[in-house]
Amino acid sequence: MSTSSLTFPSLHHHRKNNLPTSKTTIHRRRPTTIRFSATSPDTTTTTTTTGSNTDNKNLPIRPIPGSYGIPFYQPLKDRFEYFYGPGGRDEFFKTRVQKHQSTVFRTNMPPGPFISKNPNVVVLLDAKSFPTLFDVTKVEKKDLFTGTYMPSTELTGGHRVLSYLDPSEPKHAPLKNMVFFMLKNSIKKIIPEFQKTYNELFDELEAELSNKGKAFFNDVGEQTAFRFLGRAYLNTNPEETKIGKDGPKLIGTWVLFNLGPLLRLGLPWFVEEPLLHTFRLPAALVKKNYNKLYDFFESCSGEIIEHAKSLGLEKDEAVHNILFTLCFNTFGGIKILFPNTLKWLGRAGTNLHTQLAEEIRNAIKVHGGGKVTMAAMEQMPLMKSVVYESLRIEPPVALQYGKAKKDMTIESHDAVFKVKEGEMLFGYQPFATKDPKIFDRPEEFVPDRFVGEGEKLLKYVTWSNGPETETPTAGNKQCAGKDFVVLITRLFVIELFRRYDSFDIEVGASPLGAKITLTSLKRARV
Numbered sequence: 002m003s004t005s006s007l008t009f010p011s012l013h014h015h016r017k018n019n020l021p022t023s024k025t026t027i028h029r030r031r032p033t034t035i036r037f038s039a040t041s042p043d044t045t046t047t048t049t050t051t052g053s054n055t056d057n058k059n060l061p062i063r064p065i066p067g068s069y070g071i072p073f074y075q076p077l078k079d080r081f082e083y084f085y086g087p088g089g090r091d092e093f094f095k096t097r098v099q100k101h102q103s104t105v106f107r108t109n110m111p112p113g114p115f116i117s118k119n120p121n122v123v124v125l126l127d128a129k130s131f132p133t134l135f136d137v138t139k140v141e142k143k144d145l146f147t148g149t150y151m152p153s154t155e156l157t158g159g160h161r162v163l164s165y166l167d168p169s170e171p172k173h174a175p176l177k178n179m180v181f182f183m184l185k186n187s188i189k190k191i192i193p194e195f196q197k198t199y200n201e202l203f204d205e206l207e208a209e210l211s212n213k214g215k216a217f218f219n220d221v222g223e224q225t226a227f228r229f230l231g232r233a234y235l236n237t238n239p240e241e242t243k244i245g246k247d248g249p250k251l252i253g254t255w256v257l258f259n260l261g262p263l264l265r266l267g268l269p270w271f272v273e274e275p276l277l278h279t280f281r282l283p284a285a286l287v288k289k290n291y292n293k294l295y296d297f298f299e300s301c302s303g304e305i306i307e308h309a310k311s312l313g314l315e316k317d318e319a320v321h322n323i324l325f326t327l328c329f330n331t332f333g334g335i336k337i338l339f340p341n342t343l344k345w346l347g348r349a350g351t352n353l354h355t356q357l358a359e360e361i362r363n364a365i366k367v368h369g370g371g372k373v374t375m376a377a378m379e380q381m382p383l384m385k386s387v388v389y390e391s392l393r394i395e396p397p398v399a400l401q402y403g404k405a406k407k408d409m410t411i412e413s414h415d416a417v418f419k420v421k422e423g424e425m426l427f428g429y430q431p432f433a434t435k436d437p438k439i440f441d442r443p444e445e446f447v448p449d450r451f452v453g454e455g456e457k458l459l460k461y462v463t464w465s466n467g468p469e470t471e472t473p474t475a476g477n478k479q480c481a482g483k484d485f486v487v488l489i490t491r492l493f494v495i496e497l498f499r500r501y502d503s504f505d506i507e508v509g510a511s512p513l514g515a516k517i518t519l520t521s522l523k524r525a526r527v
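Note that the sequence shown ends on residue 527 in this note's numbering; no numbers are left out.
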């Protein structure tokens, strides 16, 4: 029997265990807030709201500010500013918030002409309006995974894979239940395979650091991630198959063909615009690479395929979805999340490193009998908080979309806005998870933010297409692997500080996530 959800019991939030360590001090001060006018000249009506952040105050009904401008011309202008304007996409949204004195407004989102037929969106940038995008009773998710355009199904074997399906579609539940089966089947292998694989990573990094004086994390990190996923999910080391060490490169090229219209590669604008943002890259150019990935997953996913058949799925559709789940969603997430986590930990400095090393090693000794266990992880409140804070301050998936199923109202902290059926809603998650009306020092990486009473803020950590306090099911669009991602990120931090007292890094930019160079690794003192 298939399940509709997957639960890692140790990832549930038991506040009684999450007390600060002796060296962890929680600092709370009154939030610095950005206040927007709650009225406008054409405000004529008020409505009573009972949202958790409104304290039952009367909020004005306000027309959604902003406009879409002259067709074709304004979307191109907005696209250019989004990709190449000073301050990047953060500044793109910030200037519009300031202009409209609202976190809800109208604008155009890339790619626009000629890839997207309709780039018009209603933007939701605060922690109160943003969750509308998770409510599948209010918004449709059909073909919106990448926003105002959908990549050709030629890139996924002719199938609309799970990420592009709305929960109301017949194939959504069996495909998501297949993913839940994959996760459930891997539970006992995650910790040992992660430790084995990531200790191989640290050995490689140490050797490179010794030989060259620095070690580049990203490439070897991606090889490690793909090796771990093969071992944990498929009982196979992909490097020992025909695919060899080509997996990450094959995935990278394929992802570029999917996400090119949304990416900056650092090329001059007059190269990137026609190459990536104006016309689609032909799927035929990457078909050979994709077929190599397909052949690998077809040959190694026998048990998953059989389970998929029992759910009424055809083999071919199952394999394409397994590939997309592990390569695009999971590998792609690790590719962004682990370097970003290293960046924030590295910048935090030696004091945090010392606290984490002490907490992690003591919990393993006292509560794990010298081993990393779920029970031992529950006694690492600072480590858990650090992982959540990394997911909060820089969510691995920044953009969320949904299409209004009916006429409705959406509330921000300061006003209520009417949205019509069929309008596209868009949320830029890094603004919602750094909402100054919710989080103290929102732009800062605060390691102990979610320790003790700070756990109450976890409902505002929404990297998984839903609150951290909720559970993915076959009937919603929350990431099926939410608990898996949290678990392996915890394991990454644990293995790092079991082995090292501290480390130093240099940070650069890349199209997806941070580019990390390790300049020192200080081995743990025995």
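Just so it is clear, CB atoms sit at the ideal spot from N, CA and C, and this is done for glycine as well.
Check whether residue i and residue j have beta carbons under 8 Å apart
{"i": "residue 324", "j": "residue 294", "result": "yes"}
{"i": "residue 404", "j": "residue 140", "result": "yes"}
{"i": "residue 86", "j": "residue 94", "result": "no"}
{"i": "residue 194", "j": "residue 229", "result": "yes"}
{"i": "residue 441", "j": "residue 386", "result": "no"}
{"i": "residue 79", "j": "residue 59", "result": "no"}
{"i": "residue 461", "j": "residue 439", "result": "yes"}
{"i": "residue 275", "j": "residue 150", "result": "no"}
{"i": "residue 575", "j": "residue 328", "result": "The chain is shown only over 2 to 527; residue 575 falls outside these bounds and no answer can be derived."}
{"i": "residue 201", "j": "residue 237", "result": "no"}
{"i": "residue 146", "j": "residue 280", "result": "no"}
{"i": "residue 493", "j": "residue 271", "result": "no"}
{"i": "residue 503", "j": "residue 351", "result": "yes"}
{"i": "residue 406", "j": "residue 422", "result": "yes"}
{"i": "residue 317", "j": "residue 509", "result": "no"}
{"i": "residue 107", "j": "residue 71", "result": "no"}
{"i": "residue 396", "j": "residue 431", "result": "yes"}
{"i": "residue 122", "j": "residue 425", "result": "yes"}
{"i": "residue 360", "j": "residue 384", "result": "yes"}
Per-residue burial, residue i [other beta carbons within 10 Å of its own, 16 or more giving buried]
{"i": "residue 507", "result": "exposed"}
{"i": "residue 379", "result": "buried"}
{"i": "residue 389", "result": "buried"}
{"i": "residue 310", "result": "exposed"}
{"i": "residue 529", "result": "Nothing about residue 529 can be reported from this structure: the residues present for the chain run from 2 to 527 only."}
{"i": "residue 514", "result": "buried"}
{"i": "residue 248", "result": "buried"}
{"i": "residue 391", "result": "buried"}
{"i": "residue 365", "result": "buried"}
{"i": "residue 477", "result": "buried"}
{"i": "residue 525", "result": "exposed"}
{"i": "residue 76", "result": "buried"}
{"i": "residue 177", "result": "buried"}
{"i": "residue 268", "result": "exposed"}
{"i": "residue 99", "result": "exposed"}
{"i": "residue 417", "result": "buried"}
Residue i - partner residues in DSSP beta bridges
{"i": "residue 429", "result": "400"}
{"i": "residue 516", "result": "509"}
{"i": "residue 67", "result": "107"}
{"i": "residue 521", "result": "505"}
{"i": "residue 1", "result": "In the structure displayed, the chain extends from 2 to 527; residue 1 sits before or after that span and is not available."}
{"i": "residue 411", "result": "418"}
{"i": "residue 125", "result": "105, 428"}
{"i": "residue 216", "result": "519"}
{"i": "residue 141", "result": "404"}
Same chain, Cβ closer than 6 Å to residue i, neighbours up to 5 away in sequence not counted
{"i": "residue 326", "result": "180"}
{"i": "residue 428", "result": "125, 131, 134, 401"}
{"i": "residue 5", "result": "Note on residue 5: pLDDT 34, under 50, position unreliable in the model; no value is reported."}
{"i": "residue 217", "result": "518"}
{"i": "residue 73", "result": "114"}
{"i": "residue 40", "result": "Low confidence applies here, because residue 40 scores a pLDDT of 31, under 50, leaving its location unreliable and the question unanswered by this model."}
Proximal residues to residue i (C-beta, below 7 Å), its chain only, five neighbours per side dropped
{"i": "residue 333", "result": "256"}
{"i": "residue 205", "result": "221"}
{"i": "residue 254", "result": "287, 290"}
{"i": "residue 1", "result": "Any question about residue 1 goes unanswered here, given that the chain covers just 2 to 527."}
Minimum Cβ-Cβ distance from residue i to chain D less than 8 Å
{"i": "residue 248", "result": "The chain labelled as chain D is not found in the depicted structure, where only one protein chain is given."}
Proximal residues to residue i (C-beta, below 8 Å), its chain only, five neighbours per side dropped
{"i": "residue 330", "result": "164, 480, 482"}
{"i": "residue 242", "result": "297, 300, 301"}
{"i": "residue 144", "result": "151, 161, 165"}
{"i": "residue 266", "result": "273, 277, 512"}
- [ ] Let me know the alpha helix (DSSP H) ranges lying completely inside the segment 362-408, each 4 residues or longer, listed in chain order.
- [x] 375-378, 382-394
TODO: Within the segment 458-502, note down every full alpha helix (DSSP H) run reaching 4 residues or more, in order along the chain.
DONE: 483-500
- [ ] Just list the alpha helix (DSSP H) runs in the segment 260-297, keeping only unbroken ones of 4 residues or longer that don't cross its boundaries, in chain order.
- [x] 270-273
Open item on the list: Suppose only complete runs of 4+ residues qualify. What are the alpha helix (DSSP H) ranges in the segment 214-252, listed by chain order?
Closed with: 218-235
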